[in-house]
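Inspection log for the structure reproduced underneath, given as structure tokens.
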Amino acid sequence: MASSTSIGDRFLTRVERAGNRLPQPFNLFLILFLVTGVVSTGLAWGGVDVTVPGADEPVVIRGLFTGEGLAWFTSNLGANFIGFPPLVTVVTILLAIGIAEKTGFLAAGIRRTMGSAPRWALPYAVGLLGVCGSVMSDSIFVVVPPLAALAFKAAGRHPMAGLLGGFAAAGAGYSTSIVPTSLDALFAGITNAVIPTVPALEQAADPVNPLSNYFFNAVSAIVLTLVAGFVIDRVLEPRLVRQGVPTEERAEAGEVEHAHEHATGTDLTADERRGLRAAVLALAVLTLVVLVAVLVPASPWRNADGGFLPSSPLLDSIVFVVFAYFALGGYVYGRVAGTISGFGEVPRMMGEALRDMTPFLVLAFVLGQFIALFDWSGVGSGLAVTGADALQSAGLTGLVVIFGFMLLCSVLNLFIISGSSMWTLMAVVFVPLFGILGYEPAFVQAAFRVGDSATQIITPLNPYMIVLLTFVRRYEPQAGLGTLIARMLPFVVPFWIAWALVLLAFVQLDVPLGPGNGIYVEGAG
27 MASSTSIGDR FLTRVERAGN RLPQPFNLFL ILFLVTGVVS TGLAWGGVDV TVPGADEPVV
87 IRGLFTGEGL AWFTSNLGAN FIGFPPLVTV VTILLAIGIA EKTGFLAAGI RRTMGSAPRW
147 ALPYAVGLLG VCGSVMSDSI FVVVPPLAAL AFKAAGRHPM AGLLGGFAAA GAGYSTSIVP
207 TSLDALFAGI TNAVIPTVPA LEQAADPVNP LSNYFFNAVS AIVLTLVAGF VIDRVLEPRL
267 VRQGVPTEER AEAGEVEHAH EHATGTDLTA DERRGLRAAV LALAVLTLVV LVAVLVPASP
327 WRNADGGFLP SSPLLDSIVF VVFAYFALGG YVYGRVAGTI SGFGEVPRMM GEALRDMTPF
387 LVLAFVLGQF IALFDWSGVG SGLAVTGADA LQSAGLTGLV VIFGFMLLCS VLNLFIISGS
447 SMWTLMAVVF VPLFGILGYE PAFVQAAFRV GDSATQIITP LNPYMIVLLT FVRRYEPQAG
507 LGTLIARMLP FVVPFWIAWA LVLLAFVQLD VPLGPGNGIY VEGAG
């Protein structure tokens, strides 16, 4: 075991060193932006277009260094930055988390919650929260990692293990959960839109709904929770200890320490207990208000059909709900516990939280330009269609092509982070292809989930990797993308293999993936 661990450490250390030889993130994305600009321009000059199956017209590749491209770039520089999707989630939620953190509410709440929990179970609790956290949509990437770090610190464990493990579980297990999420409805809608393109499939296949992968998702979530907990406990945390990674955040010179930085024990003072009771009561009242608001029949937070799926104002309000809970809980706790004197301190705390994220905002500027160019130029669509065509032309059948499909999704996931965007591109090719081979559309969708998540925690193109790097640099100022990739790698392969084995078990046992949805099209199994 010692030899194996040593070999693994040496490999990950090489990965970390190689990754950290990459340019600094800002320079890296600037280079990628320029490379994409050159490639797109060459393809545009060559008159290249991409035929996306099911689309009315081919996607014409557009080049950055053309008259049209330069006009687009100069006209949209600010919009590309402000429209960078994670800004909406990250900045808004972190303003509220700043209140909850700097009043001491988060630290006290976690110390109270984790004080009686078995220390050994903490990695598995973080794994469960991360894997099932996609019900909060992208907010999970901002909320879970810092909370997990505080929980580990309160339990006397390495906070970086919680920080990194929470992110890994949330990212690598994003496409599954024990409870249905809006992603289930989104995927189902895309799948159903493709089925009518194949008349024979439309007649024989079962329709897909948000619960069509529920049994598969529930089993996968349990298995991935165990895998995440094991990797955090047996691989990630021991390696952090061996590397001597700091367990305390580094405060800037002259900066006042946060209220939670001395509170590493699990015992609460009388003021902290009173503050927590008042905060819990306030949040209970808020929960009641939200339930009343959304459950009344004429609620404006319902969709036109009177429901909440696949989309509704309620689902669009997730960021607001998360913001309200953190801000209200933090403020009430602070007033009752005496860590703040009044509402006048709220803007200061929000400002400090925003200041802490300044490095992310700077990186978001150049990353927003790159992602916008990748989408506008059509290079992303071309990459997906080319990969799909290559797999289709290989002429493989059965489980071999299924695993090839999942591997292709994992590779493309390094470049196309949006699961809905990639499934839109992949579904139009592979739902009909696998339908011809006798597989249900719901099964193809389940296979896509496996390949869609695991590798997104090691790609620099994942914008939330930059958020994670900002958190990590509070402990290790010299950490780079190579540091993150090396520490995420131990999660990728186990997650991928475990998830693929779950799918294989469903195939071999020929059990339903969800209510009314099997593996094979009727008469083909």
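For what it's worth, the working numbering labels the leading residue of the sequence shown as 27, then goes sequentially. Every residue, glycine too, gets a C-beta built ideally from N, C-alpha and C. What you are looking at is a predicted structure, and each value in this text was computed from that prediction instead of being measured.
Quick check: the Cα distance between Ala304 and Ala453, rounded to an integer number of angstroms?
As a working mapping, residue 304 is identified with position 278 in the sequence shown. As a working mapping, residue 453 is identified with position 427 in the sequence shown. Whole-angstrom Cα-Cα distance: 49 angstroms.
So does the stretch 108-127 actually touch the stretch 394-401, counting three or more Cβ pairs closer than 8 angstroms?
yes
Could you spell out where the alpha helix (DSSP H) holding Tyr546 opens and where it closes?
Within the sequence shown, numbered from 1, the residue matching residue 546 stands at position 520. Element bounds for Tyr546: n/a, residue is neither H nor E.
Cβ-heavy atom distance between Gly394 and the ligand NAP below 7 angstroms?
What this structure holds is no ligand at all, so the ligand NAP is not there to describe.
I'd like to know whether the C-beta atoms of Ala244 and Asp297 end up nearer to each other than 8 angstroms.
The count along the sequence shown starts at 1 and reaches residue 244 at position 218. The count along the sequence shown starts at 1 and reaches residue 297 at position 271. Contact: no.
Just tell me which of Val457, Ala214 and Ile492 has its CA closest to the CA of Val547.
As a first step, residue 547 is located in the sequence shown; it is residue number 521 there, counting from the start. For Val547, the nearest C-alpha among the options comes from Val457.
May I ask you to report which of helix, strand or coil DSSP gives Val271?
Locating residue 271 in the sequence shown gives position 245, counting from the first residue. Coil.
Just reading off the alpha helix (DSSP H) that Gln395 is part of, what are its end residues?
By one-based count along the sequence shown, residue 395 stands at place 369. Here the alpha helix (DSSP H) through Gln395 covers Thr384 to Ser403.
Report yes if the CB atom of Pro520 is closer than 8 angstroms to the CB atom of Val170, and no otherwise.
Within the sequence shown, residue 520 is the residue found at index 494, counting from 1. Within the sequence shown, residue 170 is the residue found at index 144, counting from 1. Taking 8 angstroms as the Cβ cut-off, Pro520 and Val170 do not qualify as a contacting pair.
Backbone secondary structure at Gly199 - three-state DSSP
As a position in the sequence shown, residue 199 is number 173, starting the count at 1. The three-state secondary structure of Gly199, taken from DSSP, is coil.
For Gly153, count the other beta carbons within 10 Å of its own beta carbon; 16 or more makes it buried, fewer makes it exposed. Which is it?
On the sequence shown, residue 153 is found 127 positions in, with the first residue counted as 1. Flag for Gly153 reads buried.
Measuring alpha carbon to alpha carbon, tell me which residue in Ser66, Thr365, Val85 and Gly68 is nearest Asp75.
Here residue 75 refers to the residue found at position 49 of the sequence shown. Per the Cα distances, Val85.
Gly333, DSSP secondary structure in three states:
Residue mapping note: residue 333 aligns to position 307 of the sequence shown, counting from 1. If DSSP states are grouped into helix, strand and coil, Gly333 belongs with coil.
Across which residues does DSSP place Tyr359 in a beta bridge pair?
Translated into the one-based positions of the sequence shown, residue 359 becomes position 333. Partner(s): none; Tyr359 has no beta bridge.
Excluding the five sequence neighbours on either side, which residues of its own chain have a C-beta within less than 6 angstroms of the C-beta of Pro236, listed in chain order?
Residue numbering aside, residue 236 sits at position 210 when the sequence shown is read from its first letter. Counting only Cβ-Cβ distances below 6 angstroms, and skipping sequence neighbours, we find Pro206, Asp210, Ala211, Ala214 and Leu335.
Pair within 8 angstroms by beta-carbon distance, Leu262 and Gly159:
Position 236 of the sequence shown, counting from 1, holds the residue named residue 262. Position 133 of the sequence shown, counting from 1, holds the residue named residue 159. Against a cut-off of 8 angstroms, the Cβ pair of Gly159 and Leu262 comes out as no contact.
Range of the contiguous alpha helix (DSSP H) that encloses Phe91
Here residue 91 refers to the residue found at position 65 when the sequence shown is read from its first residue. Where Phe91 is concerned, there is no enclosing alpha helix (DSSP H), given that its DSSP letter is neither H nor E.
What would DSSP say about Gly477, mapped onto helix, strand or coil?
In the sequence shown, the residue the question calls residue 477 occupies position 451. In this structure, Gly477 counts as helix in the three-state DSSP scheme.
Between the C-alpha atoms of Glu283 and Gly130, what's the straight-line distance to the nearest angstrom?
One-based indexing of the sequence shown puts residue 283 at position 257. One-based indexing of the sequence shown puts residue 130 at position 104. Reliability fails at Glu283, whose pLDDT of 42 lies under 50, so the model's placement of it is uncertain and the value that follows must be treated cautiously. C-alpha separation (whole angstroms): 11 angstroms.
Leaving out five residues before and five after Gly542 in sequence, what residues of the same chain have Cβ atoms less than 7 angstroms from its Cβ?
Along the sequence shown, read from residue 1 onward, the residue named residue 542 stands at position 516. Only Asp232 meet the Cβ criterion.
Could you say which of Ile492, Pro272 and Ala195 lies nearest to Leu387 if we only look at CA atoms?
Your numbering for residue 387 matches position 361 in the sequence shown. Minimum Cα distance to Leu387 is reached at Ile492.
Spatial neighbours of Val117 within its chain, please: CB distance less than 8 angstroms, with the 5 preceding and 5 following residues excluded, ordered by chain position.
Position 91 of the sequence shown, counted from the first residue, corresponds to residue 117. Excluding residues within five positions, the ones whose Cβ falls inside 8 angstroms are Leu380, Met383 and Leu387.
Euclidean distance between Cα positions of Val470 and Phe460
To locate residue 470, count along the sequence shown from 1; it is residue 444. To locate residue 460, count along the sequence shown from 1; it is residue 434. Each residue's alpha carbon lies about 7 angstroms from the other.
Count the CB pairs spanning the stretch 471-489 and the stretch 187-202 that are closer than 8 angstroms, and state whether there are at least three.
Pairwise C-beta distances place the stretch 471-489 in contact with the stretch 187-202, as three or more of them are shorter than 8 angstroms.
Under three-state DSSP, which class holds Gly153?
Residue numbering aside, residue 153 sits at position 127 when the sequence shown is read from its first letter. Gly153: helix per DSSP, three-state reduction.
If you check the beta carbons only, do Leu58 and Phe497 fall under 8 angstroms apart?
Against the sequence shown, residue 58 aligns to sequence position 32. Against the sequence shown, residue 497 aligns to sequence position 471. No, the Cβ-Cβ distance between Leu58 and Phe497 is not below 8 angstroms.
In whole angstroms, what separates the C-alpha of Arg138 from that of Gly89?
As a first step, residue 138 is located in the sequence shown; it is residue number 112 there, counting from the start. As a first step, residue 89 is located in the sequence shown; it is residue number 63 there, counting from the start. Looking at the two C-alpha atoms, the distance is approximately 56 angstroms.
Using the C-alpha atoms, what's the distance from Phe91 back to Asn53?
Residue numbering aside, residue 53 sits at position 27 when the sequence shown is read from its first letter. Residue numbering aside, residue 91 sits at position 65 when the sequence shown is read from its first letter. Rounded to whole angstroms, Asn53 to Phe91 spans 20 angstroms at the Cα level.
In three-state DSSP terms, what is Ser29?
Within the sequence shown, numbered from 1, the residue matching residue 29 stands at position 3. Residue placement at Ser29 is flagged as unreliable, the pLDDT there being 42, under the threshold of 50; the coordinate-derived value follows with that caveat. Ser29 sits in a helix when the DSSP states are folded into three classes.
Candidates Leu309, Arg145 and Ser165: closest to His184 by CA position:
Start at 1 with the first residue of the sequence shown, and residue 184 comes out as number 158. Comparing Cα positions, the closest option is Arg145.
Which ranges does the alpha helix (DSSP H) cover as unbroken runs of at least 4 residues, wholly within the stretch 424-467, from first to last along the chain?
424-438 and 445-462
Reducing DSSP to helix, strand and coil, say where Gly192 ends up.
The residue given as residue 192 occupies position 166 in the sequence shown. Correct three-state label for Gly192: helix.
Excluding sequence positions up to five away, which residues of its chain have a Cβ less than 8 angstroms from the Cβ of Thr273?
Along the sequence shown, read from residue 1 onward, the residue named residue 273 stands at position 247. Once the five neighbours on either side are set aside, the close Cβ partners of Thr273 are Lys179, His184, Pro185, Met186 and Tyr501.
Local Cβ density within 10 Å of Ser246, reported as buried at 16 or more and exposed below that:
Residue 246 sits at position 220 when you count from the first residue of the sequence shown. It is buried - the Cβ of Ser246 has at least 16 other Cβ atoms within 10 Å.
Do you know offhand how far Val16's Cα is from Asp401's?
The chain is shown from 27 up to 551; residue 16 falls before or after that span and cannot be answered.
So, with DSSP's three-state summary, where would you put Gly540?
Here residue 540 corresponds to residue number 514 of the sequence shown, with the count starting at 1. Residue state, collapsed to three classes: strand.
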